[in-house]
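Peer 1:
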Amino acid sequence: MQNLPLPVLNPALFEDVANWFCQIPHSATIGLEFVMGERGHATLRVPYNTALVGNPRSGVLHGGVMTSLIDTTSALSVFSMLNEREAIATLDLRIDYLRGATPGQPVYCTAECYRLGRQIAFTRATAYQEGNDQPIAHGVATFMRESSQAQLGSKKEGA
Amino acid sequence: MVQLEILHAAKESGNYDSIIDQIPYAKLLGVVMREENGQPLFELPFSDHNIGNVHLPALHGGAIGGFMENAALLHLVWARESAEVPRTIDFSLDFLRSGKAQSLYARCDITKQGKRVANVRMTAWQEDESKPVAVARAHFLLS
Chain D
20 MQNLPLPVLN
30 PALFEDVANW
40 FCQIPHSATI
50 GLEFVMGERG
60 HATLRVPYNT
70 ALVGNPRSGV
80 LHGGVMTSLI
90 DTTSALSVFS
100 MLNEREAIAT
110 LDLRIDYLRG
120 ATPGQPVYCT
130 AECYRLGRQI
140 AFTRATAYQE
150 GNDQPIAHGV
160 ATFMRESSQA
170 QLGSKKEGA
Chain H
2 MVQLEILHAA
12 KESGNYDSII
22 DQIPYAKLLG
32 VVMREENGQP
42 LFELPFSDHN
52 IGNVHLPALH
62 GGAIGGFMEN
72 AALLHLVWAR
82 ESAEVPRTID
92 FSLDFLRSGK
102 AQSLYARCDI
112 TKQGKRVANV
122 RMTAWQEDES
132 KPVAVARAHF
142 LLS
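Quick note, the sequences are listed as chains D and H, same order. Using the working numbering, you'd call the opening residue of the first sequence number 20 and step up by one each time. Using the working numbering, you'd call the opening residue of the second sequence number 2 and step up by one each time.
1) Quick test of your reading: residue 139 of chain H and residue 91 of chain H, contact by CB under 8 Å. State the CB separation rounded to the nearest angstrom.
2) To the nearest angstrom, how far is it from the Cα of residue 175 of chain D to the Cα of residue 54 of chain H?
3) Is there at least one Cβ from chain H nearer than 7 Å to residue 87 of chain D's Cβ?
4) Do we get a CB-CB distance below 7 Å when we pair residue 19 of chain H with the residues of chain D?
5) Applying the criterion that 16 or more other CB atoms from any shown protein chain within 10 Å of the CB defines a buried residue, is residue 133 of chain D buried or exposed?
6) Using beta carbons (cut-off 7 Å, strictly below), is residue 14 of chain H in contact with chain D?
7) Mind checking the stretch 60-73 of chain H against chain D and listing, in chain order, the residues whose C-beta falls within less than 9 Å of any C-beta there?
8) Name the chain D residues whose beta carbon is nearer than 8 Å to that of residue 23 of chain H?
9) Let's test the definition: count the other Cβ atoms within 10 Å of the Cβ of residue 112 of chain H and tell me whether it reaches 16, buried, or not, exposed.
10) Sort D:63, D:143, D:27 by Cα distance to residue 111 of chain D and report the nearest one.
11) State buried or exposed for residue 38 of chain D, treating a residue as buried only when at least 16 other CB atoms are found within 10 Å of its CB.
12) Within 10 Å of its beta-carbon, does residue 76 of chain H have 16 or more other beta-carbons around it, so buried, or fewer, so exposed?
13) Counting pairs of beta carbons, one from the stretch 46-60 of chain H and one from the stretch 11-20 of chain H, are three or more of them closer than 8 Å?
14) Residue 99 of chain D and residue 61 of chain D: beta carbons closer than 7 Å?
15) Which chain H residues sit within Cβ distance under 7 Å of residue 114 of chain D?
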């Protein structure tokens, strides 16, 4: 199958959700940053920070940081395929840790929403670092669509 | 890496803050560990920096997952009395309810401990342990 890129379906919505995802308190705590998006795909990164370390002796980032990064990037990949704003909720997330992240370098995560069903969205994600072809982790997740009446994004701020 | 003297002192006193202090990410989340009925019980006191959805407000799924993974790692360190913190091989997390703006608790169960690999189940809940917010299972490399 060829991967011919298309822009995200609704750029205004995607940009709004991407910014919002990086500003929410827990994302700000780990320093999540938006990198790029296209139809079906999203990429985020976490800069290296000693507060996010799991093992001080090795300096390797904690798996929990990877969980946040992969969960958020996967959710954003779903929004790259949506035309209208809706709330989605993670049903399940599975992560395989392939190697420890090299200390001192940012970790990228790119996620693909490979099936957008009427009720369920399916995603797969890879966490990696620049200059190393061996990924840090693989993640697969499913999301419930229209999970609640609560809105996602900045529109409802202050409402 | 956890110093064994610190682990023994913590078990003696029932105060595990010194263990948490050795894991930066556990400290950042604000994980609290104590013993209840001879087994570790973990608490994630509510904190603004663990919020995912500010409108609800709800805990961030990543914070819930990170808390549970920390709980499993700490449970293994506690049970094995080992200085080495195990390495996560895989982690599978099911979200069942949204996490409200209040304390989240977790308990772990070592389903199987082999020579090299341990299988651990985790349950996280808020008001009612029979209504979990999330359940997870993971494999850890011990050696």
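From the three backbone atoms N, C-alpha and C, an ideal C-beta is built for every residue, glycine too.
Peer 2: In short, the structure shows the following:
1) 6 Å
2) Confidence at residue 175 of chain D is low in this model, with a pLDDT of 44, below 50, so the placement of that residue should be treated as unreliable; the coordinate-derived value is given next. Going by the C-alpha atoms only, they are around 12 Å apart.
3) yes
4) no
5) exposed
6) no
7) 60, 61, 62, 63, 64, 65, 66, 67, 68, 69, 70, 71
8) 75
9) exposed
10) D:143
11) exposed
12) buried
13) no
14) yes
15) 91, 92
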